[in-house]
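The sequence shown maps to residues 231 to 603 in this note's numbering.
By construction, the Cβ of each residue, glycine as well, lies at the ideal position given by its N, Cα and C atoms.
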Amino acid sequence: MEYNDLDAALLSGFTDYDNHYKVRHFTDSETGLKAYIAVHDKTLGPALGGCRMYDYKSEEDAIRDVLRLSRGMTYKNALAGLPLGGGKSVIIGDPASVKTEALMEAMGRAVHTMGGDYISAEDSGTNVADMALMARSTPYVMGLKSEDGALGGDPSPVTSYGVFCGLKTAVRRRYGSDNLMGLKAAVQGLGAVGYDLCRQLHKQGVELFVTDVRDDVLQKAKGEFEGLEIVGLDDIFSVDANIFAPCALGAQLNEQTVPQMKFDVIAGAANNQLATEDIGDLLAQRNILYTPDYVINAGGVIAVGYEYFEQTGKNPFSHDLTRENMMKHVETIEKTIDEVFNIAEERSLAPDRAADQMAEGVLAGVPKVSDVA
Ligand code: NAD
231 MEYNDLDAAL
241 LSGFTDYDNH
251 YKVRHFTDSE
261 TGLKAYIAVH
271 DKTLGPALGG
281 CRMYDYKSEE
291 DAIRDVLRLS
301 RGMTYKNALA
311 GLPLGGGKSV
321 IIGDPASVKT
331 EALMEAMGRA
341 VHTMGGDYIS
351 AEDSGTNVAD
361 MALMARSTPY
371 VMGLKSEDGA
381 LGGDPSPVTS
391 YGVFCGLKTA
401 VRRRYGSDNL
411 MGLKAAVQGL
421 GAVGYDLCRQ
431 LHKQGVELFV
441 TDVRDDVLQK
451 AKGEFEGLEI
461 VGLDDIFSVD
471 ANIFAPCALG
481 AQLNEQTVPQ
491 MKFDVIAGAA
501 NNQLATEDIG
511 DLLAQRNILY
521 TPDYVINAGG
531 VIAVGYEYFE
541 QTGKNPFSHD
551 LTRENMMKHV
561 ETIEKTIDEV
571 FNIAEERSLA
581 PDRAADQMAE
591 GVLAGVPKVS
601 DVA
């Protein structure tokens with residue numbers, strides 16, 4: 231395997247470059263691996279973030295993504311109360327056709343070259359089985375299969391629980407009560423997180439409107455959740471519902487979709503929901519309460535972080551590293567979101583800008599009120 235670190239002169243040509251600590255490029259002619267690992271910031275600890283596999287159209291697209299995603303992880307981990315920095319890796323290639331055992335093993339070797347500065351886990355295009363292959367050559371891979379009730383495994387159910395908690399916080403802020411009974415929610419994307427979120431919302435008596443590109447998951451949901459209505463891919467944005475939960479792709483809140491929206495609250499799992507920062511301001515102007523994506527979707531990284539602390543025997547908390555305590559930590563997302571909304575109100579900012587300021591405060595050593603002891 232060959233690798234080299236990209237220099238600042240090259241990286242500064244990318245708008246998402248933010249003085250990243252290290253960006254390493256890998257190629258492996260034996261397995262066909264083409265990948266990048268970026269560590270954005272290590273102020274709070276080693277960098278934790280998933281390994282994405284995607285059919286990028288160019289090397290530049292892959293670099294742009296790894297720069298943006300690794301920076302996002304710094305902010306996410308800071309507000310999740312984890313003593314971990316931000317990092318991410320991307321593998322270039324369509325997971326459906328290019329992924330092999332040997333390639334994932336090679337990715338494990340790539341992660342190992344970072345010497346523990348970067349810890350990986352699953353992300354879109356990779357799964358628990360891939361993490362097992364990567365872990366053959368490095369201890370710096372988490373999200374591994376585990377016994378029931380133990381730490382580890384697929385982080386998606388933990389993410390969806392965190393999103394559910396955060397959604398209730400936003401509803402409480404908007405309506406004065408977090409009783410969800412009788413509210414309507416539009417859910418975009420019924421994948422690992424979105425489907426589970428529907429299950430939790432349905433249990434609370436929420437009326438569901440859903441969309442997905444996959445008909446099989448839509449039909450399964452229709453059979454499972456009474457009263458659920460399937461809507462078209464482009465119609466989800468104009469559903470007359472209280473809540474919008476984007477759980478599919480990034481950039482779904484944009485100049486085309488926001489003007490169509492009648493929602494009071496946006497609370498969903500997708501990463502990078504705002505097409506640009508201005509869209510956060512537009513939502514605030516339209517009195518739509520936006521719950522910042524990297525705060526509400528931190529459940530998965532909290533799960534993976536706990537697994538890492540357990541594996542390395544370095545517990546930074548004053549409580550034990552049990553699954554129960556990890557879920558309690560996920561519930562602190564509620565308090566953090568409340569703080570974000572408070573700061574947004576105090577400083578007359580859109581919530582996404584308030585969250586960024588809070589995360590920058592944590593990195594500068596200012597503790598959050600909701601910090602886990
Ligand atoms: P997933 O791939 O399991 O599900 C995504 C779903 O969205 C799929 O069912 C897919 O068919 C559907 N979809 C794709 N394009 C669509 C479109 N244009 N319109 C409607 N539906 C579409 O992913 P996931 O793990 O459920 O994650 C969902 C989102 O949350 C992603 O943006 C992911 O990055 C983010 N996220 C996930 C986790 C996690 O733990 N899984 C953690 C943090 C953030």
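Q | Nearest residue (CA-CA) to V388, options T566, L513, V341 and V560 | A | Along the sequence shown, one-based indexing puts residue 388 at 158. The shortest Cα separation from V388 among T566, L513, V341 and V560 belongs to V560.
Q. So what's G316 in DSSP terms, helix, strand or just coil?
A. Stepping through the sequence shown from its first residue, residue 316 is reached at position 86. In the structure shown, G316 sits in a strand (DSSP, three-state: E or B).
Q | Proximity below 8 Å, CB of G280 to CB of D353 | A | Along the sequence shown, one-based indexing puts residue 280 at 50. Along the sequence shown, one-based indexing puts residue 353 at 123. Contact flag set, yes.
**Q.** With 16 other Cβ atoms within 10 Å as the buried cut-off, status of E335
**A.** Here residue 335 refers to the residue found at position 105 when the sequence shown is read from its first residue. Buried: at least 16 other Cβ atoms inside 10 Å.
Q: Can you give me the start and stop residues for the alpha helix (DSSP H) that L504 sits inside?
A: Taking the sequence shown and counting its residues from 1, one reaches residue 504 at position 274. No alpha helix (DSSP H) holds L504; DSSP gives it neither H nor E.
(Q) Just to confirm the assignment, what range does the alpha helix (DSSP H) spanning Q325 have? (A) Here residue 325 refers to the residue found at position 95 when the sequence shown is read from its first residue. It should be pointed out that residue 325 corresponds to Pro in this sequence rather than to Gln. That run of the alpha helix (DSSP H) goes P325 to V328.
Q. Can we count A478 as close to the ligand NAD, meaning its CB is less than 7 Å from some heavy atom?
A. As a first step, residue 478 is located in the sequence shown; it is residue number 248 there, counting from the start. Result yes, Cβ under 7 Å from the ligand NAD.
Q. Which whole runs of the alpha helix (DSSP H) in the stretch 404 to 474 are 4 residues long or more, in chain order?
A. 422 to 433 and 445 to 454
Q. According to the neighbour-count rule (16 or more other Cβ atoms, all chains shown, within 10 Å of its Cβ), is V443 buried or exposed?
A. The residue labelled residue 443 in the question sits at position 213 within the sequence shown. Looking at its Cβ environment, which holds fewer than 16 other Cβ atoms inside 10 Å, V443 is exposed.
Q | Coil, strand or helix - C477 by DSSP | A | For the purposes of this step, residue 477 is identified with residue 247 of the sequence shown, where counting begins at 1. Coil at C477, not helix or strand.
Q) Quick one, which of P325, E377 and L413 has its alpha-carbon nearest E437's? A) Locating residue 437 in the sequence shown gives position 207, where the first residue counts as 1. The shortest C-alpha separation from E437 is found at L413.
Q) Can A365 be considered in contact with the ligand NAD, in the sense that its beta carbon sits closer than 7 Å to one or more heavy atoms? A) In the sequence shown, counting from the first residue as 1, residue 365 sits at position 135. The answer is no for A365.
Q.
Could you tell me which whole alpha helix (DSSP H) segments of length 4 or greater appear in the stretch 350 to 389?
A. Runs of the alpha helix (DSSP H) inside the stretch 350 to 389: 358 to 364.
Q) Which residues in the same chain as P385 place their Cβ atom closer than 8 Å to its Cβ, once the five residues preceding and following it in sequence are excluded? A) Residue numbering aside, residue 385 sits at position 155 when the sequence shown is read from its first letter. Excluding positions up to five away in sequence, the list reads A351, E352, G373, G529, G530, V531, A533 and V534.
**Q.** Other residues of its chain near N249: CB distance less than 8 Å, five sequence neighbours each side excluded
**A.** Residue 249 sits at position 19 when you count from the first residue of the sequence shown. Short of 8 Å from the beta carbon of N249, and not among the five residues preceding or following it, lie these beta carbons of its own chain, in chain order: A238.
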